[in-house]
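Notes for the one structure printed next.
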Amino acid sequence: MRNAVKHRRCSKRRAGAAAIVLILALFLALFSGCPFAQPDVDRLNLWDTGPITLDPAIAKDFSSYTYVVHIFSGLVRLDHELNVVPDIAERWEESPDGTEFTFYLREGVRFHSGREVRAADVKYSWERACHPETGSDTALTYLGDILGVSEMIDGHVDEISGVEVVGDYILRVTIDAPRPYFLSKLAYPTAFVVDSTNVASGTGWWRKPVGTGPFKLREWTAGQWLILERNDDYYGDPAGVELVVYYLSGPPMAMYELGHIDVVSVYGPYIHRVRDQAGPFYPELAVTPELSLYYLGFNTARPPFDDVSVRLAFCHAVNRERISRLILRDMVGEAKGILPPGMPGYDEGLAGLDYDVEKARDLISASSYADVSNLPPITVTVSGYGNYIPEFLGAIIQEWQQNLGVEVSVRQMEPEPFVYNLKKEKDEMFLLGWIADYPDPHNFLDILFRTGAENNIFEYSNPVLDELLDRAAVEQDADVRLALYREAERIVVEDAPCLPLWHGINHVLVRASIKGYEVNPVGIPDLTRVTVDGSRA
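Taken in order, the sequence shown gives residues 106 to 642; the numbers are from our numbering.
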């Protein structure tokens, strides 16, 4: 789902802990002025940094994704168990050869403006996403299997030939080959329906979006709060809370302790308190695995990482197990490969690239550079503010210095442009993550590592891997297909376009009065499932 800095879909942005007392004082002053702070309103109070964009065709960072999936909707969606289920489309038919889908839309689905959604609105939304002027970095990835999409993205045609409006509530979609994951891709925001009148209102239309989802945007004051209100005309089950209030400033853990927010993600400095079974927080702790991969990527098009021996040396020189245990306090799972546990095709027997300093040094000697003194300057690009870098990254850089004698510098980019500009502005390495958009190995191996893929930030290319991925993409036998992906994963690990670090595990505190708040395996809570118990203070 995204780049996680979700890459949605890996970008989770963390707040620093500096100047807590001052920040909290400022926040409390802000909170007291919030027009939706009254205790008699049925609401859910959350903390976040806020979205970068609410345009479904553009959004690819984790935070933006979280809002977009509640304001907008598409033909299908993933349920809490990540199964494809009907959404705006009440049903569909698939041709015997698996290349044609006919979607039958629900009648009476309405935009937040009141206008009814028709099949032509879906076609408009997809063609807008694919239009070169929109500048979507996700359209080819999630709609590219449809005939005519690549030609429209390239500016050669004005409409998608594989999308046909058959009637007001019937849409026919033709794809280039039978692909088992195709419907899952349509659950990604790029395929969501937008209102053409809303879009025509100006370039900043998405700041006042008109969607079809279970919530409407009521108010958004940058740096203060963003408020979603229940869409009482929603075609599905109505949300259990009237308002969801996101506070966009203040120290989240302190706010949780003081009762100003109902849910908080737990990070390293607090984990010992939260894990204390005799403490007040332990009964409120929910721990759920995440289908994600966090990694250090190598720019394989730039020296010295154009040499696979150097890439492998940097991988073998890092003790991930020790770092995840001592610095990250066992809040993540060590990654041996690319696919996370729980993902179909996950290979429990994959050994990965172990910690072996002697092997790492031998690989440098065997490389085209022969000695570390011949390596060019190396910089890793990271997301963040104020020269703060994660403690674990500092430990990794120290291990490279101690084990290989290599100095690595760090260059920060602000979180807002990081995910969207990284492909053009990266240095020799970059720190990033990827959270699954759908439970299929295609979503990791093909989308991240295929030659020329939009999310192949590594500039990596392997024709043997591409051929395997082509076969796996259309293979109809599930066992054969997963075996092909396991083979593809082994190739990626051995070629080392990245150093896999860990798979995410979400640690969240949820007040006892809040029912139904659960983070699913792609890191997103379904806010429609949440209710507030009457005993809440």
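C-beta atoms are modelled at their ideal positions from N, C-alpha and C, and glycine is treated no differently.
Please read all numbers here as calculations on a predicted model, not as lab measurements.
Sequence-distant residues of the same chain with beta carbon closer than 7 angstroms to residue i, five excluded per side
| i | result |
| --- | --- |
| V262 | G253 and E256 |
| G447 | P394, L396 and P626 |
| M358 | V369 and Y375 |
| L135 | In this prediction, L135 scores a pLDDT of 49, lower than 50, which makes its location untrustworthy; the coordinate-derived value is nonetheless stated afterwards. Only Q329 and S354 meet the Cβ criterion. |
| G384 | R378 |
| V511 | V477, L480, I483 and W505 |
| F528 | What sits at residue 528 in the sequence shown is Lys, not Phe. Once the five neighbours on either side are set aside, the close Cβ partners of K528 are I562. |
For residue i, three-class secondary structure by DSSP
| i | result |
| --- | --- |
| F403 | strand |
| S566 | coil |
| I258 | helix |
| I443 | coil |
| S397 | strand |
| Q329 | coil |
| S266 | coil |
| A336 | It should be noted that the sequence gives Asn, not Ala, for residue 336. N336 falls in the coil class under three-state DSSP. |
| G373 | helix |
| F419 | helix |
| A392 | Checking the displayed sequence, the identity of residue 392 turns out to be Val instead of Ala. Reduced to three states, the DSSP call for V392 is strand. |
| E580 | coil |
| K313 | coil |
| L573 | helix |
| F167 | helix |
| E199 | strand |
| V278 | strand |
| S478 | helix |
| N548 | helix |
| E232 | helix |
First through last residue of the alpha helix (DSSP H) which encompasses residue i
| i | result |
| --- | --- |
| L587 | A583 to D600 |
| S370 | No alpha helix (DSSP H) holds S370; the beta strand (DSSP E) holding it covers V368 to S370. |
| T302 | S301 to V304 |
| M360 | P357 to E362 |
| E530 | P520 to E530 |
| I157 | Careful: I157 lies outside any alpha helix (DSSP H) and carries neither H nor E. |
Cβ-based neighbour list, residue i, same chain, cut-off 8 angstroms, excluding 5 preceding and 5 following
| i | result |
| --- | --- |
| E426 | E439 and Y460 |
| D435 | S429 |
| Y387 | V379, R380 and D381 |
| G643 | Absent from the model: residue 643. The displayed extent of the chain is 106 to 642, so no value can be given. |
Spatial neighbours of residue i in its chain, beta-carbon cut-off 6 angstroms, leaving aside the 5 residues before and after
| i | result |
| --- | --- |
| K441 | L455 and G457 |
| N648 | One cannot answer for residue 648 here, as it falls past the ends of the chain, which runs 106 to 642. |
| F206 | W197, E199 and V278 |
| G203 | P283 |
| A130 | Reliability fails at A130, whose pLDDT of 47 lies under 50, so the model's placement of it is uncertain and the value that follows must be treated cautiously. Hits under 6 angstroms: none found. |
Extent of the continuous beta strand (DSSP E) run through residue i
| i | result |
| --- | --- |
| E186 | Unbroken run through E186: none, as it is neither H nor E. |
| R323 | F320 to T326 |
| R382 | According to the sequence shown, residue 382 is Gln rather than Arg. Here Q382 belongs to no beta strand (DSSP E), and DSSP marks it neither H nor E. |
| G499 | No beta strand (DSSP E) holds G499; the alpha helix (DSSP H) holding it covers E496 to L509. |
| F208 | E205 to L210 |
| Y351 | L348 to Y352 |
| R430 | Note, R430: premise wrong, no beta strand (DSSP E); alpha helix (DSSP H) at R425 to L431. |
| R466 | Not the beta strand (DSSP E): R466 falls in the alpha helix (DSSP H), residues V462 to A471. |
| S488 | I483 to S488 |
| L536 | M534 to I540 |
Cutoff 7 angstroms: residue i Cβ touching any chain D Cβ
| i | result |
| --- | --- |
| A224 | Checking the listed chains, one finds no chain D in this structure; it contains a single protein chain. |
Task: Stretch-stretch touch, CB-based, cutoff 8 angstroms, three pairs: the stretch 215 to 227 with the stretch 299 to 313 - done: Remark: three or more beta-carbon pairs, one from each stretch, lie closer than 8 angstroms, so the stretch 215 to 227 and the stretch 299 to 313 are flagged as touching.
- [ ] Flag this pair as touching only if the stretch 450 to 457 and the stretch 492 to 505 have three or more C-beta atom pairs under 8 angstroms; answer yes or no.
- [x] The answer is no - the stretch 492 to 505 does not touch the stretch 450 to 457, with fewer than three Cβ pairs under 8 angstroms.
Task: the stretch 180 to 194 / the stretch 273 to 289 touching (three or more Cβ pairs under 8 angstroms) - done: The stretch 180 to 194, when compared against the stretch 273 to 289, does touch it at the 8 angstroms Cβ threshold.
Task: Segment contact, 8 angstroms Cβ cut-off, at least three pairs: the stretch 158 to 168 with the stretch 236 to 249 - done: The stretch 158 to 168 vs the stretch 236 to 249: in contact.
TODO: Would you check if the stretch 585 to 598 and the stretch 338 to 345 touch, i.e. whether three or more CB-CB distances between them fall below 8 angstroms?
DONE: Counting Cβ pairs under 8 angstroms, fewer than three are found: no touch.
Task: Three-pair Cβ contact test at 8 angstroms for the stretch 553 to 562 versus the stretch 191 to 210 - done: Too few Cβ pairs lie closer than 8 angstroms, so no.
- [ ] Report yes or no: do the stretch 313 to 329 and the stretch 562 to 578 share at least 3 C-beta pairs separated by less than 8 angstroms?
- [x] Not touching, per the Cβ criterion.
Task: Cβ contact (3+ pairs, closer than 8 angstroms) linking the stretch 602 to 609 and the stretch 513 to 531 - done: Counting C-beta pairs with one atom in each stretch, the stretch 602 to 609 and the stretch 513 to 531 have fewer than three that are closer than 8 angstroms, which means they do not touch.
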